[in-house]
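In the UniProt record's numbering, the protein residues as written are 1 to 364.
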């Protein structure tokens with residue numbers, strides 16, 4: 001019990017540090033994608049924070065296994081370098097026992113990864129898609145800056161402000177382009193300012209334009225152009241009725257896609273099932289990779305471990321893509337990638353596995 005607690009503590013310390021660093025790097029990378037939209041008023045701060053959290057939740061099914069894998073290599077490499085593994089062998093702690101303790105930790109982590117993949121992943125993707133679609137249809141009127149083209153609803157609305165007196169002040173020389181089924185409407189107004197409308201407890205913002213010239217340019221054959229002048233007109237910079245997002249494999253619950261035979265659903269379901277297995281296999285593989293001589297640099301095997309993971313992850317994601325596009329059948333599906341990892345792990349752990357089997361056979 002004491003030895004197991006000590007081993008788990010030595011692995012847990014670098015695991016916590018590495019996981020926090022990986023999460024911080026991933027969150028920073030995700031935030032960089034949204035900064036320009038935040039500056040231009042296309043995304044609010046709360047929306048950006050929620051998008052980052054959702055993407056971080058989705059990434060944990062990959063970050064947690066790789067953090068555990070590298071933490072085991074670092075922790076056991078330190079124990080080998082400090083001759084602590086030699087001392088443990090003197091206390092009759094065999095390589096098989098060491099592997100068993102690592103597998104116990106890996107099994108607990110794999111359960112958490114399985115929950116992330118089977119339950120949290122589809123929920124987070126569903127929320128992410130809905131939030132992203134809502135963000136595409138929403139424009140923060142108060143944050144609009146002059147000199148910037150605001151493209152909303154995939155180009156259906158384009159707004160440009162020439163001058164504006166502060167973030168919440170009125171704007172002058174406003175250009176609005178509306179793409180409609182039969183024509184394209186272009187509006188030029190001398191003055192514009194945001195107005196709020198409270199509907200059913202929700203506040204929607206509109207833009208009121210004064211002294212506006214409206215040009216309807218026909219796009220259908222036989223139609224005529226029109227020019228109008230109005231003293232005041234109210235425009236909706238957003239479409240406040242958001243369409244329901246299309247169904248996707250990544251947003252569908254695990255029980256719903258389990259019986260599906262569509263290639264995209266098969267690839268997604270196999271991916272969710274394989275992540276816990278990958279967690280266990282990587283943790284087991286880290287045990288022989290960390291083996292070294294006394295006083296050897298504990299980072300000596302880290303480069304090899306990273307290279308192995310890079311190659312495996314490349315094959316792993318490629319297998320999912322091939323199944324998703326129907327290039328590989330449901331069997332072997334993506335399972336051939338974890339199978340290759342299992343073969344490599346079994347080969348490198350043949351001594352520890354034999355020790356475990358012999359101890360089990362000798363047990364009364």
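Glycine is no exception: its CB is placed at the ideal position from the N, C-alpha and C atoms.
Cβ neighbours of residue 123 in the same chain (closer than 8 Å, five flanking residues each side left out):
Excluding its 5 nearest sequence neighbours in each direction, residue 123 has no C-beta neighbour in its own chain below 8 Å.
Once the 5 residues before and after residue 320 are set aside, which same chain residues still bring their CB inside 6 Å of it?
267, 271 and 334
Quick one: what does DSSP say residue 272 is sitting in, helix, strand or coil?
helix
Coil, strand or helix - residue 20 by DSSP:
helix
Quick check: what's the CA-CA separation for residue 244 versus residue 252?
Here residue 244 scores only 47 on pLDDT, less than 50, and its place in the model is too uncertain to base an answer on.
Over the uninterrupted alpha helix (DSSP H) stretch that includes residue 79, give me the two end residues.
45-81
Could you check what DSSP says for residue 9 in three-state terms: helix, strand or coil?
The three-state secondary structure of residue 9, taken from DSSP, is helix.
Considering only C-alpha positions, which residue in the set 206, 208, 313 and 229 is nearest to residue 216?
229
Just the C-alpha distance for residue 281 and residue 129, rounded to the nearest angstrom, thanks.
32 Å
With a threshold of 8 Å, are at least 3 pairs of Cβ atoms found where one atom belongs to the segment 144-161 and the other to the segment 171-191?
yes
Say the cut is 8 Å; is the CB of residue 151 nearer than that to a heavy atom of the ligand HEM?
You won't find the ligand HEM in this model; it holds no ligand whatsoever.
State the start and end residues of the unbroken alpha helix (DSSP H) segment that holds residue 324.
302-324
Return the CA-CA distance between residue 256 and residue 196, expressed in angstroms with no decimal places.
Cα to Cα, residue 256 sits roughly 42 Å from residue 196.
State yes or no: is the C-beta of residue 51 within less than 9 Å of the C-beta of residue 132?
yes
Determine the direct distance from the alpha carbon of residue 88 to that of residue 54, and round the result to whole angstroms.
43 Å
How many Å lie between residue 184 and residue 152 at the Cα?
15 Å
Where DSSP assigns a beta bridge to residue 144, which residues make up the other side?
Looking at the DSSP assignment, residue 144 forms no beta bridge with any residue, so it has no partner.
According to the neighbour-count rule (16 or more other Cβ atoms, all chains shown, within 10 Å of its Cβ), is residue 338 buried or exposed?
buried
Comparing alpha-carbon positions, which option in 285, 301, 306 and 331 lies nearest residue 341?
Of the listed residues, the one whose Cα sits closest to residue 341 is 285.
Does the beta-carbon distance from residue 60 to residue 109 come in below 9 Å?
no
According to DSSP, simplified to helix, strand and coil, what is residue 187?
strand
Can you tell me whether residue 241 is helix, strand or coil according to DSSP?
Legend: pLDDT at residue 241 = 47, less than 50; position of this residue unreliable, value from coordinates given subsequently. Here residue 241 sits in coil by DSSP.
Can you give me the Cβ contacts of residue 289 inside the same chain, cut-off strictly under 6 Å, excluding the 5 residues immediately before and after it?
73, 301 and 305
Counting C-beta neighbours from all protein chains within 10 Å, is the total for residue 163 16 or more, i.e. buried, or is it exposed?
exposed
How long is the line joining the alpha carbons of residue 312 and residue 145, rounded to whole angstroms?
47 Å
So, are the CB atoms of residue 343 and residue 95 less than 9 Å apart?
no
What are the boundary residues of the beta strand (DSSP E) that residue 347 is part of?
Looking at the DSSP string, residue 347 is not in any beta strand (DSSP E); the run it does join, the alpha helix (DSSP H), is 336-348.
Should residue 276 and residue 323 be called a contact, given that it needs their Cβ atoms to be closer than 9 Å?
no
Secondary structure at residue 259, three-state DSSP: helix, strand or coil?
coil
Residues in the same chain with beta-carbon distance under 7 Å from residue 189, minus the five sequence neighbours each way, listed in chain order, please.
So the qualifying residues of the chain are 174, 209, 210, 211 and 212.
DSSP-derived helix/strand/coil call for residue 120:
Under the three-state reduction of DSSP output, residue 120 falls in the helix class.
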